[in-house]
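Have a look at the structure below, then the notes.
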Amino acid sequence: GAVVSQHPSWVICKSGTSVKIECRSLDFQATTMFWYRQFPKQSLMLMATSNEGSKATYEQGVEKDKFLINHASLTLSTLTVTSAHPEDSSFYICSARDYRTSGTSYNEQFFGPGTRLTVL
Amino acid sequence: RKEVEQDPGPFNVPEGATVAFNCTYSNSASQSFFWYRQDCRKEPKLLMSVYSSGNEDGRFTAQLNRASQYISLLIRDSKLSDSATYLCVVNVMIYNQGGKLIFGQGTELSVKP
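Chains A and B, in that order, are what the protein sequence lines are.
According to our numbering, the stretch in the first sequence is residues -13 to 106, in order.
According to our numbering, the stretch in the second sequence is residues 217 to 329, in order.
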């Protein structure tokens, strides 16, 4: 149980295009999903917290107009990188928290396999 | 100062060695603590949670010292398959937002035959 999928697993695009990444919880409902970014040799950095049915909460320094997040259902969140540029090339990872643990101090998150974005 | 800091690494050790990873965190609102393992180009996977009383899982022992805000992981009798990056992670509760995970920068371990 507790499987999270991401699609696509990798994408190469031209500078200026938009890329949408999907994150799905396959066997549980996720009130909250998280989007992370990881540059080479660096750790995961939280970009935003996505709550079903409400606006995402972005971390400091992350442009909400550039990284559009939609969490329309309890099993799906999408991240759209708008007008992507080479500096947006990174490994994007989502995670999902089971709604049954929401609001508790225990915060197990289940991670997707990641999406490797390369912007030419 | 980073919220979660780890030994910079990399650690290169022979098979069978004992390896210790150290981590400190700065946010006193941190409530839960974890060690994750990340293989190259893959997502992080939970290795073990860390409790104040210390906990052990086979060859792996984790300890937490809340007073000094310090977390450790010990791997005994290291195997080739232990080669990975080890991430120290803390869960910080944010009012009205639930918890969020803060990751250390990771310490790379390479176990050689």
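Every residue gets a Cβ at the ideal spot worked out from N, C-alpha and C, and that includes glycine.
Nearest-angstrom Cβ-Cβ length linking residue i and residue j, presumed shorter than 8 Å
i        : j        : result
Cys316/B : Val308/B : Strictly speaking, residue 316/B in this sequence is Lys, with Cys absent from that position. About 6 Å separates the two Cβ atoms, so the contact holds.
Phe169/B : Gln222/B : Because chain B here runs from 217 to 329, residue 169/B falls outside it and cannot be looked at.
Val306/B : Ser246/B : 4 Å
Thr35/A  : Phe53/A  : Not quite, the Cβ-Cβ distance comes to about 12 Å (not below 8 Å), so this is no contact.
Thr61/A  : Ser11/A  : 5 Å
Phe319/B : Val220/B : 6 Å
Tyr198/B : Leu325/B : With chain B represented from 217 up to 329, any question about residue 198/B goes unanswered, as that position is not in the structure.
Val107/A : Ser81/A  : One cannot answer for residue 107/A here, as it falls past the ends of chain A, which runs -13 to 106.
Glu259/B : Ile7/A   : Actually they are not in contact, since the Cβ atoms of Glu259/B and Ile7/A sit about 13 Å apart, beyond 8 Å.
DSSP beta-bridge partners of residue i
i         : result
His(-7)/A : Glu8/A
Asp74/A   : Partner(s): none; Asp74/A has no beta bridge.
Glu324/B  : Thr301/B
Met309/B  : Gly315/B
Thr277/B  : Glu272/B and Leu290/B
Tyr267/B  : In DSSP, Tyr267/B forms no bridge with anything.
Ser246/B  : Val308/B
Asp84/A   : Ala16/A
Thr354/B  : As shown, chain B starts at 217 and ends at 329. That puts residue 354/B outside it, with no answer to give.
Pro260/B  : Gln254/B
Met31/A   : Arg23/A
Thr66/A   : Lys6/A and Leu54/A
Val229/B  : Val327/B
Gln95/A   : Arg83/A
Val105/A  : Cys(-1)/A
Ser40/A   : Bridge partners of Ser40/A: none, in fact.
Val48/A   : Answer is none; Val48/A lacks a bridge partner.
Any C-beta of chain D under 7 Å from that of residue i
i        : result
Tyr311/B : Within the model displayed, chain D is absent; protein chains A and B are what it includes.
Residue i CB to nearest heavy atom of the ligand NAP below 6 Å
i       : result
Thr61/A : Ligands are entirely absent from the displayed structure, and the ligand NAP is therefore not among its contents.
Query raised in the report: Contact between the stretch 39 to 56 of chain A and the stretch 221 to 237 of chain B: three or more CB pairs below 8 Å?
Result: no
Report task. Check each residue of the stretch 297 to 329 of chain B: if its Cβ is closer than 7 Å to any Cβ of chain A, include it; give the result in chain order. Result -> Leu303, Asn307, Met309, Gln313, Gly314, Gly315, Lys316, Leu317, Phe319, Gly320, Gln321 and Gly322
Query raised in the report: Using a Cβ cut-off of 7 Å, which residues of the stretch 65 to 84 of chain A contact any Cβ in chain B, in chain order?
Result: Ile79
Requested in this report: Decide if the stretch 54 to 71 of chain A is in contact with the stretch -1 to 16 of chain A; the criterion is three or more beta carbon pairs, one per stretch, under 8 Å apart.
Outcome: yes
Query raised in the report: Any residues in the stretch 4 to 16 of chain A with a beta carbon nearer than 9 Å to a beta carbon of chain B? Which ones, in chain order?
Result: none
Report task. Assess, as a yes-or-no matter, whether the stretch 250 to 266 of chain B is touched by the stretch 94 to 106 of chain A under the definition of 3 or more beta carbon pairs within less than 8 Å. Result -> yes
Query raised in the report: Is the number of C-beta pairs between the stretch 26 to 33 of chain A and the stretch 98 to 106 of chain A that are closer than 8 Å three or more?
Result: no
Requested in this report: Could you run through the stretch 22 to 38 of chain A and flag, in chain order, every residue whose CB is less than 7 Å away from some CB of chain B?
Outcome: Gln28, Ser29, Leu30, Leu32 and Thr35
Query raised in the report: For the stretch 93 to 105 of chain A, which residues have a beta carbon sitting closer than 8 Å to at least one beta carbon of chain B?
Result: Asn93, Glu94, Gln95, Phe97, Gly98, Pro99, Gly100 and Arg102
Report task. Quick one: which residues of the stretch 238 to 260 of chain B get their C-beta closer than 8 Å to a C-beta of chain A? List them in chain order. Result -> Gln247, Ser248, Arg257, Lys258, Glu259 and Pro260
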